[in-house]
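These protein sequence lines map, in sequence, to chains X and C. Under the numbering used here, think of the first position of the first sequence as 1, with each following residue one higher. Under the numbering used here, think of the first position of the second sequence as 81, with each following residue one higher. The structure under discussion appears below in the form of structure tokens.
2 protein chains.
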Amino acid sequence: MKKCSEQSLTDLGTRVRRARLAKGYSQDDFAERCGLHRTYIGSIERGERNFTVLNLIKIAKALDTSVGDLFGDKTSSDQE
Amino acid sequence: MKKCSEQSLTDLGTRVRRARLAKGYSQDDFAERCGLHRTYIGSIERGERNFTVLNLIKIAKALDTSVGDLFGDKTSSDQE
């Protein structure tokens, strides 16, 4: 059974990956848009990295989404 | 002029502080609820710390709010 924190990172990584693929970005392309290294993006998507708030903001911006969406928060867009 | 990243941390810290005060928690009380040190909470509220995603989740949980709310995302609760 995964620890709660590990599950949180895994869920977050899965949402980042899903959003990246929905945008049609490769990991290389996406890493460049974020200003981060491709291997770093890979470890985030696998839920292996407890990354920082500033990198979270970079990732949300590069995906043109909100941080709340990356955490699966119910937002107004879910109401439409 | 603050760098964009510094401003992001300052804005986030201000929202954490506002939410903590709205709950009526002292920094000591809140730190204990988060499982973090009081001085760590203080540095977050002052926007001095680029803290991690797992600590962000702990803080949102202790405030009984969503991560999106801490980032000022427009959520369904803003619609009511």
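For glycine and all other residues, C-beta sits at the position ideal for the given N, C-alpha and C.
**OP:** Sort out for me which residues DSSP pairs X/Thr52 with in a bridge.
**Re:** Within the first sequence, residue 52 of chain X is the residue found at index 52, counting from 1. Note: X/Thr52 is bridge-paired with C/Thr132 in the DSSP secondary-structure output.
Original post:
Per the contact definition of three or more C-beta pairs closer than 8 angstroms, is the stretch 9-27 of chain X in contact with the stretch 90-106 of chain C?
Top reply: no
Original post:
Under a CB-based cut-off of 8 angstroms, is C/Thr132 close to chain X?
Top reply: Here residue 132 of chain C refers to the residue found at position 52 when the second sequence is read from its first residue. By the rule that beta-carbons nearer than 8 angstroms mark a contact, C/Thr132 touches chain X.
Subject >> Buried versus exposed, by CB contacts within 10 Å (16 or more), C/Ser88 >> reply: By 1-based counting over the second sequence, the position of residue 88 of chain C is 8. With 16 or more other Cβ atoms within 10 Å, it is buried.
Original post:
Looking only at its own chain, which residues have a Cβ that is under 8 angstroms from the Cβ of X/Gln27, when we skip the five neighbours before and after it?
Top reply: In the first sequence, residue 27 of chain X corresponds to position 27, counting from 1. Counting only Cβ-Cβ distances below 8 angstroms, and skipping sequence neighbours, we find Arg20, Arg38, Ile41, Gly42 and Glu45.
Subject >> DSSP state of X/Phe30 mapped onto helix, strand, coil >> reply: The sequence position of residue 30 of chain X within the first sequence is 30, counting from 1. X/Phe30: helix per DSSP, three-state reduction.
Original post:
What is the DSSP secondary structure of X/Asp64, counted as helix, strand or coil?
Top reply: Numbered from 1 along the first sequence, position 64 holds the residue referred to as residue 64 of chain X. Here DSSP, grouped into helix, strand and coil, assigns X/Asp64 to coil.
Subject >> Option nearest X/Arg49 by Cα separation, candidates C/Val147, C/Gly104 and C/Asn135 >> reply: Position 49 of the first sequence, counted from the start, is the residue given in the question as residue 49 of chain X. Cα-wise, what sits closest to X/Arg49 is C/Asn135.
**OP:** Tell me where the alpha helix (DSSP H) around C/Tyr105 begins and ends.
**Re:** Along the second sequence, read from residue 1 onward, the residue named residue 105 of chain C stands at position 25. Where C/Tyr105 is concerned, there is no enclosing alpha helix (DSSP H), given that its DSSP letter is neither H nor E.
Original post:
Counting only beta-carbon atoms, is C/Asp47 nearer than 8 angstroms to chain X?
Top reply: Because chain C here runs from 81 to 160, residue 47 of chain C falls outside it and cannot be looked at.
**OP:** Measure the beta-carbon distance from X/Asp73 to C/Asp153 and round it to whole angstroms, keeping in mind my assumption that it falls under 8 angstroms.
**Re:** Numbered from 1 along the first sequence, position 73 holds the residue referred to as residue 73 of chain X. Numbered from 1 along the second sequence, position 73 holds the residue referred to as residue 153 of chain C. Between C/Asp153 and X/Asp73 the Cβ distance is about 7 angstroms, and since that is below 8 angstroms, they are a contact.
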